[in-house]
Amino acid sequence: MNAVLQATIEFLKLYWAPLFCGVVIVAVLPIIVGYIVLVERKVMADMQARLGPMRVGPHGLLQPIADAVKLLIKEDIIPDNADKLVFWLAPVLSVGAGLLAIAGLAIGPAFQIAPNINIGILFVVGISAMGIFGIVLGGWASNSHYSLMGALRSSAQLVSYETAAGMALVSGLLFAGSLNITAIVEAQRTQGIWFGMLAPVALFIYGVASIAETNRAPFDLPEAESELVAGYMTEFSGFRWSLYFLAEYANMIVVASVATTLFLGGWLRPFSEVHWLNFLDFAPALLTIAIAVYCVMRAPKQPVRVQQLFMLAVAGFCFVVALVLAAPVLLPFLKPSLAAAVQPYYAGIHGGFWFLFKVSVYVYCFMWLRFTVPRYRFDQLMRLGWHFLIPLSIINILVVGVAMIAGEYFHLHGWAMLLVTTPAAIIALVAALAILAADSGRKERDRAAAAPEFYAR
Amino acid sequence: MLDNVLFYFFAGLAVASAVLTVTRRNAVHSAIFLITTLLATAGIFLQLRAEFLFIVQIILYVGGIMVLFVFVIMLVNLDVAVRQIQFARQKWVALVVALALAAQVGLMFWSSGKMPGQGLPVQTAVAADKLLPNSEELAASLFKSYLLPFEIASVLLLVAMIGAVVMAKKRT
Amino acid sequence: MGESKPGNRERAVGYFRFEEETALNIEATSEHTILGADELIINMGPQHPSTHGVLRVKLKLDGERVIGSECIIGYLHRGVEKIAESRTYQQFAPYVDRMDYVAAVSNGLGYCEAIEKLLVVEAPPRARVIRTILTELQRIASHLLWLGTHALDIGALTPLFYCMREREEILKIFEKYCGARLTTHAFRIGGLQYEAYDTLEKDTERFCKDFEARIAEYEELLTQNRIWVGRTRGIGILTAEDAIAFGVTGPVLRASGVKWDIRKAAPYAAYDQYKFEIPVGTTGDTYDRYIVRMEEMRQSRLICLQAIENIPAGPILAKVGKVLKPPPGEVYHAIEAPKGELGYYVVSDGTVQPYRVRIRPPSFINLQAFDRMVRGHLVADVVAIIGTIDIVLGEVDR
Amino acid sequence: MADEPKEQKPSSVPAGDKPAGSPSPASTPAAKPADSAAPAAPPRAAAPPAPKPPVVLQTPLNNELVTRLRGKFGAAILEAMEDRKQAIVTVECARLAEIALHLRDEGKFDMLSDLTAVDWPKREKRFDIILNLYSFAKNERLRVKAHAADGEKVPSVVGVWIAANWLEREVFDMFGIVFSGHPDLKRILLPDEWQGYPLRKDYDILQQDTAWVKANLGIESGQ
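Taken in order, these protein sequences are the chains called W, H, R and F. Take the first sequence: its letters are residues 74 to 530, numbered as in this note's numbering. Take the second sequence: its letters are residues 291 to 462, numbered as in this note's numbering. Take the third sequence: its letters are residues 1176 to 1573, numbered as in this note's numbering. Take the fourth sequence: its letters are residues 65 to 287, numbered as in this note's numbering.
What follows is the structure, encoded as structure tokens:
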């Protein structure tokens, strides 16, 4: 027994920092997700000519908390004929996979729970894909037709799009030459160019496939409310339902982070090797200052005194944050001796800012798409996956590989690689158009063949 | 010490859920325990610092094959399986096979020096922080030393795939 | 390690031991199979987000493909026709607003004109023009609601809110005119109860002017959208012959290529004075119905613009007296409601109460074609097809 | 209340079995519609001292279509008239489907716009089945009527127009008229276990209510 205790202590000594980070993530993620939902609702409202949540807190800022409380105190219903064990397990699996995957991510050079795993990106992708079991088993355990159909759709969809996403990742990884997340970002820094520019087609494929993997519109068929009520979540309520919800958004963060890491330069700021753009380092500080100024300006216009104070408090907080953010840049002028000491923190904070910024942009695109386009039908979704994305991703790997060899042959590096990768991307696009044309031809023929069968009676 | 605890944890989990995989009547429950087994095995791989194998096990077996398994299980009629007699007549065959396997393992231990691990060709492990990244190692061996077998295997898989497609097409 | 514990939480059925033959028999009666030849019966509604009310559809599925369907209706039956027999002619008028409650003005117009025909009176020209304006606005409102919910069914979230925004403008005009927004009871037998309010023309004109750009906005979101086209083209095809045999009317019929609109075929109100086109489709699929309705909104807008140009002066109510006692006889009067032919068959026995009022509800009859349209399609198409028929359950069930 | 004027109606309807092609009522336009509808009754029944001759709303119809129908079906065409300019043809109930098929194919009345019924409880054949036809080719409407007694089977026209399916079910639901040859005749709007046929004139809502309250709540309804 003593030995076990000792082992535990030894373990804790070694790994207290990642453990701490893990606990922080588990504790903070629900809040972050809550606010992503709020942002989503606000963005949606803005696109739909309305205001969105406005009642709880100023501009609905406390809405997520109210929602969370509501969900927690809701009655927990388990259908009579449900498979209780699996019904209990499924949401946990779903959210567990999502949270575990986040452990492998690097949010800035300094913040990574499981640093330097040499299979980094594969770990994230593989673990997050396990979340599907939560959906499939949850749908099955509910013992309802809608849920089961949602579950089946979900598994078929994931298996199909996982392939395309994986292949898209491969063409990105070809440039990186490593699976390690830090190494991938470093490769983008040394080459001075994001892999998204070198392999735009791969970025596109990953973008589409990642929407499908996270079951977001227009690929939200497993939970399509107009057809399957809520798909696999139909029978879940209260806290279990919110776990699913949490998992969905955690997955969204994961795929956005993977895309950011591999294709969008991770925590690097845009053009990190171009020195005359160094002023971009001020961006985080400037942004917070802008928010602060806005708050100060708006404060007098608030009708209630509490709101005015709140606005001013936010402004003050933002100013402090801005000072902290700008400190590394300002300190060398004030006290040069301190500059070296804060350098790592500086890199960490700024890396984190840029990483989160890119992830936010990516997630925003998800939302944008969701409010703009209608939903695919299931067979169309499958056709898009198997007939278009997978062939395209295979072709893309091929042409990217050829481009890399050509690049090596001509000793191209960094931006010069565009000379070979752009033609490669164009070839892939032409191939894509050809695939589309062939596919629509086949679709016509299918319809012509199927029509008499359907409509004759 | 920590290693030992982890190993026994994973190994015990793997064995226990493997047993449950066989004994559960409900096919979905069986599948869940099979997943647990696979994950526990993956855990052991990770302990052996075979990260690549670990993640391949998870992506391929858990994330790919088991999803299809569960998919198919849900499509077929489960109630029938639940009500059928649990162990069919093959149990004697199974017993014989199991005994034969056990005998084989025993023979291996016996011929190698009677004690577990004693006579087996175990190399002394390199210190964990000095290990080469094994995905690179694996890639090198697959695409350099064993290129031909690898290609043959891939052709085989391709044949299987085309065969599956052809069979599926014939039905319609 | 909770999972590995050999639990005793097996479902009760797991402990039964059946003989093998019993097990085989169970297979034959199973309902759970999706792949095999067995059919899956799935029940949509009456509480389902996209059955537009309390429609209940039983679907027989092979996998996700529909091989048969049955609509079960009547959840909203209120016996309107029975009520009519114990009300006077005027008293019954507000009831018709409750049938197609998203197009109450059209319902009222049909009823009032039917009774006027029965009385052999005619509404004065001014009343007829104002009726036309309001009815066409109502048509736009009804189509807007259809567009929003239909798009929502297919997964486009945003058009709904845009449509509601415009519909709100129309409802405001109604509110200003008669004080009610939804179940307006805007017209009276013999003409109008209220004189048009001062800015009716101006409001209508402003709405029509704005609406042109707005409708282009919706089209931008949907018409050329690959997913939208993929989801609607070739879905729920109803040929012209089928449509006629099913008695389908309105935009659904026109989308099948039959150029028939009661506003042209038997003009009522003031439609004979205005120029407008009847949009028709070619294939009769969901996409065509969408295009037809979009075009209809444009045409309605044109009618409104023409009508406000010249609203004749004069009385708004014909001399019908306080007590209506139509001479014995019967009459059938149909108007082109937003959903199709809305007909009133009224029998009078010379008393103050109608002897029989039969309402021909367009949704009810259009819904009959649902089974024909849905066969061979996927579950996802079912909601698209329910949406495209544009039913209002208040009218289906009456 | 509605039935008083119709007292003599029943007598006139069966009497309609006149030789084909003889539109006998032509001579007394307003007085002899022979149709189920009330119109005709008052002038005739109300006796000579009619205070003010009403506008003639019902006139006999004798156009080419009616002539053709009479030629083909003879005595089965009981009556043809116009009420407020709307054509009404009364036919013999037993031959309804046949005539309907003829109207669809020869008369080009390709759409069944509506099918309903009216109850005249004091008449011998109490129900009017009313088919509302429309012809796209001619842009013309025609109402076909048939009288049916309670319990009499009416030939279904589902084979002629599919549209009749739900409409006949509704008529069955509301009036209890049975259509022979209907593929799936069951209640449509009301629940399957509903008692009675609500649109019949003698349907007693109060009695229904009392019965329901008694059965389900076990108290007096107090209505």
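All C-beta atoms, glycine included, are put in the ideal place defined by N, C-alpha and C.
| query | With 9 Å set as the bound, which would you pick, yes or no: does the beta-carbon of R:W1321 sit closer than that to a beta-carbon of chain F? | reply | no
| task | Could you tell me if R:P1501 is buried or exposed, where buried requires 16 or more neighbouring beta carbons within 10 angstroms of its beta carbon? | result | buried
| query | Just how far apart, CA to CA, sit R:G1432 and W:S233? | reply | 40 Å
| request: Using a Cβ cut-off of 9 Å, pull out every chain R residue sitting near W:Y234, in sequence order please. | output: Within 9 Å Cβ-Cβ: nothing; W:Y234 doesn't reach chain R, min ~16 Å.
| message | Please state the DSSP three-state secondary structure of R:L1553. | response | strand
| request: Residues of the region 240 to 252 of chain F with a CB closer than 7 Å to any CB of chain R: list them in chain order, please. | output: I252
| task | State the Cα-Cα distance for the pair H:M356 and R:G1425, rounded to the nearest angstrom. | result | 52 Å
| said: Check this for me: beta carbons of R:K1292 and F:R148, under 9 Å apart or not? | reply: yes
| Quick one: does W:P447 have its CB under 9 Å from some CB of chain R? | yes
| request: Could you run through the region 1321 to 1335 of chain R and flag, in chain order, every residue whose CB is less than 7 Å away from some CB of chain W? | output: A1326, L1327, D1328, I1329, G1330, A1331, L1332, T1333
| said: Along the chain, where does the alpha helix (DSSP H) containing W:D354 start, and where does it finish? | reply: W:D354 -> no alpha helix (DSSP H), and no H or E assigned at all.
| query | Between R:E1350 and the ligand MG, is the CB less than 8 Å from at least one heavy atom? | reply | You won't find the ligand MG in this model; it holds no ligand whatsoever.
| task | Pick out the complete alpha helix (DSSP H) segments inside the region 162 to 247 of chain F, 4 residues or longer, and give them in chain order. | result | 228 to 239
| Within 9 Å (strictly less), CB to CB, does W:L210 reach chain H? | yes
| request: Between the Cα of W:I364 and those of W:V377, W:L385, W:E346, spot the shortest distance and give me the residue it belongs to. | output: W:L385
| Just checking my contact of W:I470 with W:M240 at CB under 8 Å: how many whole Å lie between their CB atoms? | 6 Å
| According to DSSP, is R:N1218 helix, strand or coil? | strand
| said: Let's see if you can read the secondary structure: which residues bound the beta strand (DSSP E) around W:P103? | reply: Here W:P103 belongs to no beta strand (DSSP E); instead the alpha helix (DSSP H) covers 75 to 120.
| said: Taking 6 Å as the limit between beta carbons, can you name the residues of its chain near F:A279, skipping five residues before and five after? | reply: none
| request: Kindly give me the distance between the Cβ atoms of W:W427 and W:W340, rounded to whole angstroms, as I take these residues to be in contact under 8 Å. | output: 5 Å
| field | Close Cβ partners of W:I151 (< 7 Å) along its chain, the five nearest in sequence each way excluded | value | K157, F160
| task | Count the other CB atoms, across all protein chains shown, that sit within 10 Å of the CB of W:P357; report buried if there are 16 or more and exposed otherwise. | result | buried
| query | Which word fits R:W1403, buried or exposed, when buried means at least 16 other C-beta atoms lie within 10 angstroms of its C-beta? | reply | buried
| query | In this structure, does DSSP put W:A260 in helix, strand or coil? | reply | helix
| Closest Cβ-Cβ distance between F:T123 and chain R: below 9 Å? | no
| request: Compute the Euclidean distance between the alpha carbons of W:N538 and W:I257, then round it to the nearest angstrom. | output: No information on residue 538 of chain W is available, as it lies outside the stretch 74 to 530 that chain W covers here.
| message | Across the region 217 to 224 of chain F and the region 162 to 171 of chain F, are there enough close Cβ pairs to call them in contact, namely three or more that are closer than 8 Å? | response | yes
| field | Assigned secondary structure, R:K1235 (DSSP; H/G/I helix, E/B strand, else coil) | value | strand
| Enclosing beta strand (DSSP E) for W:D56 [first to last residue] | Since the first residue shown for chain W is 74 and the last is 530, residue 56 of chain W is missing from the structure and cannot be characterised.
| query | In terms of alpha-carbon separation, which member of F:W230, F:M238, F:F243, F:D268 lies closest to R:L1542? | reply | F:W230
| said: Excluding the 5 residues flanking R:P1300 on each side, which residues of the same chain have their C-beta closer than 8 Å to its C-beta? | reply: A1445, P1487, G1489
| task | On a CA-only basis, which of W:M222, W:T494, W:I422, W:L231 is nearest R:D1237? Give me that one, please. | result | W:M222
| task | Inspect the beta-carbon positions of W:A399 and W:V106 and report whether they are closer than 9 Å. | result | no
| request: Pull up the DSSP beta-bridge partners for R:R1240, would you. | output: R:D1237, R:L1553
| task | Report yes if the CB atom of R:E1311 is closer than 9 Å to the CB atom of R:R1476, and no otherwise. | result | yes
| field | Residues bridged to R:H1508 (per DSSP) | value | R:Y1519
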